[in-house]
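Below: the structure, in structure tokens.
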Amino acid sequence: MSVERALEGVGTFLDDRLHGARGVRVLLRKVFPDHWSFLLGEIILYSFIILLLTGTFLTLWFQPSMTDVIYHGSYIPLRGVRMSEAYASTLNISFDVRGGLLMREIHHWAADLFMAAIMAHMIRVFFTGAYRKPREINWLIGIVLFTLGMFEGLFGYSLPDDLLSGAGLRITEGILQSLPIVGTYLAFFLFGGPFPGHEIIPRLYILHVLVIPGLILALVTVHLFLMFHQKHTQMPGKGRTNTNVVGSPMYPYFMAKTGAFFFFTFAALALAATFAQINPIWLYGPYNPVAMSAGSQPDFYMGALEGSLRMFPAWQWVMFGHTWAFNVFVPALLPLGIIFGGAAIWPFLEQWITGDRSEHHLNDRPRNAPTRTALGIAMITFYGVLWAEGANDIIANHLDISLYLTTWIARVAWLVAPILAYIITKRICLGLQRKDRHLLEHGVETGIIRQLPGGEFIEETRPVDEEALAVLTSRSELPPLPSLEAAEGEVPPPGMRGALGKVRERLYNVVTESVPLPESHGNGHGNGHALEAVGADEHGQGSLPAGTGTEQRGGQDQH
Amino acid sequence: MSDTNSPGQPDSGNSGELSWPEYLTGGESRGAVPPGAQAAEPEGHAAPHRVIGTPPPAVARKLLAADGGGISRETVRELPAEPDDPRRAKRVEKLVAACFLVAGLAGLAFMVFYGTIGVGSITNVLHSNLALGGSMALMFLLLGIGTVLWVRHLMPTVELAEDRHPMAATPQERAAFKETFQEGAEASQFVKRPIIRRSLIAATIPMAVAPIFLLRDMGPLPGTSLDTTVWRKGLRLLVYGTGRPISAAEFNSPGALISVGPEGYLDNDNAMAKAAVSLIKFRPGELVYGPPARPGGPSVRDKVVPNWTVDNIVAYSKICTHLGCPAALYEQTTHRILCPCHQSTFLATEGAKVIFGPATRPLPQLPIGVDSEGYLIATGPFNEPVGPSFWERS
Numbered sequence: 001m002s003v004e005r006a007l008e009g010v011g012t013f014l015d016d017r018l019h020g021a022r023g024v025r026v027l028l029r030k031v032f033p034d035h036w037s038f039l040l041g042e043i044i045l046y047s048f049i050i051l052l053l054t055g056t057f058l059t060l061w062f063q064p065s066m067t068d069v070i071y072h073g074s075y076i077p078l079r080g081v082r083m084s085e086a087y088a089s090t091l092n093i094s095f096d097v098r099g100g101l102l103m104r105e106i107h108h109w110a111a112d113l114f115m116a117a118i119m120a121h122m123i124r125v126f127f128t129g130a131y132r133k134p135r136e137i138n139w140l141i142g143i144v145l146f147t148l149g150m151f152e153g154l155f156g157y158s159l160p161d162d163l164l165s166g167a168g169l170r171i172t173e174g175i176l177q178s179l180p181i182v183g184t185y186l187a188f189f190l191f192g193g194p195f196p197g198h199e200i201i202p203r204l205y206i207l208h209v210l211v212i213p214g215l216i217l218a219l220v221t222v223h224l225f226l227m228f229h230q231k232h233t234q235m236p237g238k239g240r241t242n243t244n245v246v247g248s249p250m251y252p253y254f255m256a257k258t259g260a261f262f263f264f265t266f267a268a269l270a271l272a273a274t275f276a277q278i279n280p281i282w283l284y285g286p287y288n289p290v291a292m293s294a295g296s297q298p299d300f301y302m303g304a305l306e307g308s309l310r311m312f313p314a315w316q317w318v319m320f321g322h323t324w325a326f327n328v329f330v331p332a333l334l335p336l337g338i339i340f341g342g343a344a345i346w347p348f349l350e351q352w353i354t355g356d357r358s359e360h361h362l363n364d365r366p367r368n369a370p371t372r373t374a375l376g377i378a379m380i381t382f383y384g385v386l387w388a389e390g391a392n393d394i395i396a397n398h399l400d401i402s403l404y405l406t407t408w409i410a411r412v413a414w415l416v417a418p419i420l421a422y423i424i425t426k427r428i429c430l431g432l433q434r435k436d437r438h439l440l441e442h443g444v445e446t447g448i449i450r451q452l453p454g455g456e457f458i459e460e461t462r463p464v465d466e467e468a469l470a471v472l473t474s475r476s477e478l479p480p481l482p483s484l485e486a487a488e489g490e491v492p493p494p495g496m497r498g499a500l501g502k503v504r505e506r507l508y509n510v511v512t513e514s515v516p517l518p519e520s521h522g523n524g525h526g527n528g529h530a531l532e533a534v535g536a537d538e539h540g541q542g543s544l545p546a547g548t549g550t551e552q553r554g555g556q557d558q559h
Numbered sequence: 560m561s562d563t564n565s566p567g568q569p570d571s572g573n574s575g576e577l578s579w580p581e582y583l584t585g586g587e588s589r590g591a592v593p594p595g596a597q598a599a600e601p602e603g604h605a606a607p608h609r610v611i612g613t614p615p616p617a618v619a620r621k622l623l624a625a626d627g628g629g630i631s632r633e634t635v636r637e638l639p640a641e642p643d644d645p646r647r648a649k650r651v652e653k654l655v656a657a658c659f660l661v662a663g664l665a666g667l668a669f670m671v672f673y674g675t676i677g678v679g680s681i682t683n684v685l686h687s688n689l690a691l692g693g694s695m696a697l698m699f700l701l702l703g704i705g706t707v708l709w710v711r712h713l714m715p716t717v718e719l720a721e722d723r724h725p726m727a728a729t730p731q732e733r734a735a736f737k738e739t740f741q742e743g744a745e746a747s748q749f750v751k752r753p754i755i756r757r758s759l760i761a762a763t764i765p766m767a768v769a770p771i772f773l774l775r776d777m778g779p780l781p782g783t784s785l786d787t788t789v790w791r792k793g794l795r796l797l798v799y800g801t802g803r804p805i806s807a808a809e810f811n812s813p814g815a816l817i818s819v820g821p822e823g824y825l826d827n828d829n830a831m832a833k834a835a836v837s838l839i840k841f842r843p844g845e846l847v848y849g850p851p852a853r854p855g856g857p858s859v860r861d862k863v864v865p866n867w868t869v870d871n872i873v874a875y876s877k878i879c880t881h882l883g884c885p886a887a888l889y890e891q892t893t894h895r896i897l898c899p900c901h902q903s904t905f906l907a908t909e910g911a912k913v914i915f916g917p918a919t920r921p922l923p924q925l926p927i928g929v930d931s932e933g934y935l936i937a938t939g940p941f942n943e944p945v946g947p948s949f950w951e952r953s
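Chains as they are written, first to last, in this note's numbering: chain Y, 1 to 559; chain F, 560 to 953.
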């Protein structure tokens with residue numbers, strides 16, 4: 001066939017020059033494990049690509065200039081209004097460039113999706129323990145990418161110089177000014193003088209279209225390269241171990257699936273942009289420092305910062321002739337610092353506590369790491385309270401309660417809710433573990449009631465199948481704490497002595513709290529407590545007593 | 560390529576038998592494995608690196624292990640070429656093709672809509688956005704659906720297993736790396752000749768610091784510019800929006816709030832960002848007065864300065880003392896000024912003192928009076944910096 005010959009020709013040409021046949025062949029067969037949650041990371045990548053494509057389109061018309069102009073374009077309500085060139089050119093893109101509004105809206109929705117997908121992906125990675133050795137570096141890169149994404153988004157939506165985003169810049173300036181010692185200087189250098197000046201939009205523009213996307217692109221590349229090099233983690237399942245990767249090969253399966261996923265992401269964003277209006281800057285009007293509307297909200301990923309600023313008490317000192325604006329710089333830096341810093345430290349802290357320095361490629365089920373899961377939920381709750389407080393005026397309005405009450409609720413919930421979330425989540429995880437243990441010990445209830453010769457009624461159970469068995473029994477083995485191995489009265493080994501050792505021992509007990517698996521996790525064993533009759537076969541096949549195996553399954557089919 | 564399983568990379572070089580990728584290349588890649596690495600690898604791995612997961616792995620493993628390196632290309636086929644259910648495959652084939660065809664049509668429609676629906680008015684933009692966005696979404700959606708149907712129902716189900724190897728290199732490899740690194744360091748003389756080393760380090764410090772100097776001209780130094788606004792004695796208060804001066808007689812409905820700015824600066828955003836003022840008219844008896852201000856002296860907090868008002872009209876800075884947003888919302892009945900950004904709330908009758916929210920200071924009061932023509936004027940500048948806190952503020 002001529003296609004085949006043409007392909008062979010191209011292949012030969014490339015291989016003669018690049019020696020690709022061997023490496024690329026292996027690449028084509030690279031195995032990708034499958035799980036729906038692994039797609040979250042792909043959403044990030046694809047929304048980033050869509051951001052680059054639509055963003056490039058927007059730069060063809062956008063003028064990053066704060067020069068005053070009088071608007072004469074197609075949007076009649078604003079004709080004759082004084083505004084910056086940046087705002088006028090954004091109106092121009094929206095009303096006078098075909099497809100301009102669509103691209104603007106896809107761009108904005110894609111930015112929100114990008115951040116939302118980053119959060120979802122981070123949550124997935126955290127709860128499955130996929131950040132553990134050897135993937136700590138990628139976890140840290142992810143945190144940096146999240147932070148960069150926040151700045152990229154903030155700078156991006158500030159560019160149109162509309163009333164809403166101008167207020168965002170004003171707040172940015174206020175936060176910078178509040179920083180001790182350097183604050184005023186930083187603000188003056190960033191804005192090129194007093195607020196708003198004429199420099200900030202061009203400066204944000206170059207950061208938004210070149211510097212930060214360049215950094216994101218570089219880090220995404222490293223992130224993907226490391227993922228590729230270390231191979232993807234996998235969910236527990238039959239035949240999946242810590243030393244293999246089970247899945248379908250890259251070519252053609254993964255390539256086709258991921259291609260489809262790109263189309264779906266683009267389709268979802270196009271649908272959102274068509275039917276759900278976002279950032280209608282023509283309704284907000286151009287920025288002016290005197291006006292502001294009620295219900296002003298930043299984009300969702302800045303909501304936690306906004307909420308933090310809203311709920312923090314009015315604490316401020318004048319000491320040594322200087323103003324310490326704790327009411328600004330503490331809420332601006334501390335809560336997100338706790339979340340990002342905590343996330344960055346956690347993998348290493350966990351390693352120190354558990355002493356577990358081994359590689360983990362098989363993901364944990366969240367219930368099997370109750371403390372980690374509880375901590376994660378507590379952090380999400382912490383973030384969620386701040387985030388909700390960022391929209392407290394909207395909440396107060398819709399629920400018809402006092403605005404101040406919402407703030408007070410947030411002030412209390414900020415401290416209490418994470419603790420409650422921790423306790424509840426840990427209980428739920430341990431409960432789920434007990435349920436798993438019950439399944440392993442007693443098998444799956446079939447709903448079939450049998451009468452024994454003695455007259456006793458029992459419910460038939462059947463053993464869990466092999467796939468479920470592999471999932472249920474999958475646990476990360478943790479090394480015992482050195483001092484726990486030492487017998488009573490012996491001197492604990494070095495590293496476990498002193499206050500730090502004591503702390504570690506206590507934390508170890510908290511972190512490793514778990515419901516143990518049954519002694520022999522022999523498969524479910526038929527009737528009730530008939531463990532002795534089964535002989536605890538590892539794979540639960542063959543040695544089941546009559547009437548518990550296929551017969552029972554047949555019985556289930558009839559129901 | 561980065562795949563650690565690729566032949567020729569040390570960690571795939573198990574001794575004793577050929578791993579899966581190698582038997583196809585006739586084992587030639589073993590030459591690329593450093594001798595030390597091979598010797599260090601533990602024995603074991605009776606199974607080859609890759610096996611077919613379904614159908615049962617045991618079969619495939621046996622087949623590969625029996626043939627070892629002598630196996631020929633034709634006998635092993637990891638990916639089956641026939642779909643699992645040929646009859647359904649035929650149906651799905653048509654469905655996939657239909658998806659792709661309609662996707663193509665949607666793409667054509669996009670171009671037609673681009674050409675036929677103009678923009679330039681709100682209605683046109685609305686139609687254009689619906690048509691372009693809808694056709695674009697349909698195109699991508701059908702491409703995605705078609706591809707997924709194709710993968711799920713036409714491509715045979717297959718699951719492969721690939722071995723993982725520890726990320727860490729073997730001790731031998733590490734030792735070899737260390738040796739190479741040290742040889743390089745020694746050959747460079749960097750260690751042996753400290754004067755070169757130290758002078759190089761000394762030179763890099765200015766190199767790193769110099770670019771920071773370049774940033775100096777990004778903005779002027781703040782100086783005392785944050786302490787003052789453009790307000791000064793005699794400037795008229797102009798209504799923001801109309802630009803007209805206002806007299807106390809005109810501004811006579813109690814409960815009203817208007818934004819005003821200094822004469823000559825209404826279109827100056829830099830000036831207005833600090834000088835914007837809210838002018839509020841009260842009923843007699845509503846205001847809680849403190850002692851009159853002495854020239855140059857500090858005003859009393861949480862009280863209205865009586866000699867800075869005109870006929871129950873008070874002027875407060877509009878710039879929120881929390882983060883600088885315009886404190887633009889005013890509730891007439893409770894006399895509360897609310898900043899919509901972070902909900903700092905100021906009580907207008909009592910010197911705009913903070914009654915809720917994160918702001919720490921009242922909105923400064925502007926001294927106002929009346930000029931010879933009866934228009935409201937400033938009788939002096941603000942007596943403290945307006946807007947958010949900053950380090951140098953005392």
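Cβ coordinates follow ideal geometry from the N, Cα and C atoms, glycine included.
Taking the straight line between their C-alpha atoms, what separation do you get for residue i and residue j?
i, j, result
"F:Lys-862", "F:Phe-915", "17 Å"
"F:Tyr-848", "F:Arg-860", "10 Å"
"Y:Leu-179", "Y:Tyr-404", "27 Å"
"Y:Cys-429", "Y:Met-83", "56 Å"
"Y:Val-629", "F:Glu-890", "Only positions 1 to 559 of chain Y appear in the structure, and residue 629 of chain Y is not among them; the question remains open."
"F:Leu-780", "Y:Pro-194", "10 Å"
Out of the options, which has the shortest C-alpha to C-alpha gap to residue i?
i, options, result
"Y:Ile-137", "Y:Trp-109, Y:Pro-77, Y:His-72, Y:Phe-225", "Y:Phe-225"
"Y:Trp-36", "Y:Met-227, Y:His-107, Y:His-322, Y:Lys-257", "Y:Lys-257"
"Y:Pro-463", "Y:Ile-353, Y:Pro-479, Y:Thr-446", "Y:Thr-446"
"Y:His-229", "F:Met-726, F:Ala-834, F:Cys-898, F:Ala-656", "F:Met-726"
"F:Lys-840", "F:Asp-870, F:Gly-820, F:Leu-825, F:Arg-853", "F:Asp-870"
"Y:Leu-507", "Y:Met-496, Y:Ile-118, Y:Gln-63", "Y:Met-496"
"Y:Ala-343", "Y:Ile-93, Y:Thr-90, Y:Arg-132, Y:Ile-394", "Y:Arg-132"
"Y:Arg-372", "Y:Val-510, Y:Val-69, Y:Gly-80, Y:Ala-116", "Y:Val-510"
"F:Pro-821", "F:Met-695, F:Ser-747, F:Thr-788", "F:Thr-788"
"Y:His-398", "Y:Arg-22, Y:Ile-448, Y:Gly-295", "Y:Gly-295"
"F:Val-684", "Y:Leu-91, Y:Arg-135, Y:Glu-152, Y:Ala-417", "Y:Leu-91"
Would DSSP call residue i helix, strand or coil?
i, result
"F:Arg-609", "Bear in mind that the predicted position of F:Arg-609 carries a pLDDT of just 43, short of 50, making it unreliable; the figure below should be weighed with that in mind. Three-state DSSP puts F:Arg-609 in coil, outside helix and strand."
"F:Val-819", "strand"
"Y:Arg-450", "strand"
"F:Val-945", "coil"
"F:Asn-871", "coil"
"F:Lys-653", "helix"
"Y:Leu-531", "Its pLDDT being 38, under 50, Y:Leu-531 is placed unreliably by the model, and nothing is read from it."
"F:Lys-912", "strand"
If you measure between the beta carbons of residue i and residue j, is that distance less than 8 Å?
i, j, result
"Y:Pro-168", "Y:Pro-298", "Reading off the sequence shown, one finds Gly at residue 168 of chain Y, where the question assumed Pro. Result yes, Cβ atoms of Y:Gly-168 and Y:Pro-298 sit closer than 8 Å."
"Y:Val-385", "Y:Trp-408", "no"
"Y:Thr-461", "Y:Gly-443", "yes"
"F:Lys-833", "F:Ile-896", "no"
"F:Ser-876", "F:Val-945", "yes"
"F:Leu-797", "F:Arg-803", "yes"
"F:Pro-947", "F:Gly-883", "yes"
DSSP beta-bridge partners for residue i?
i, result
"Y:Asp-68", "Y:Ser-84"
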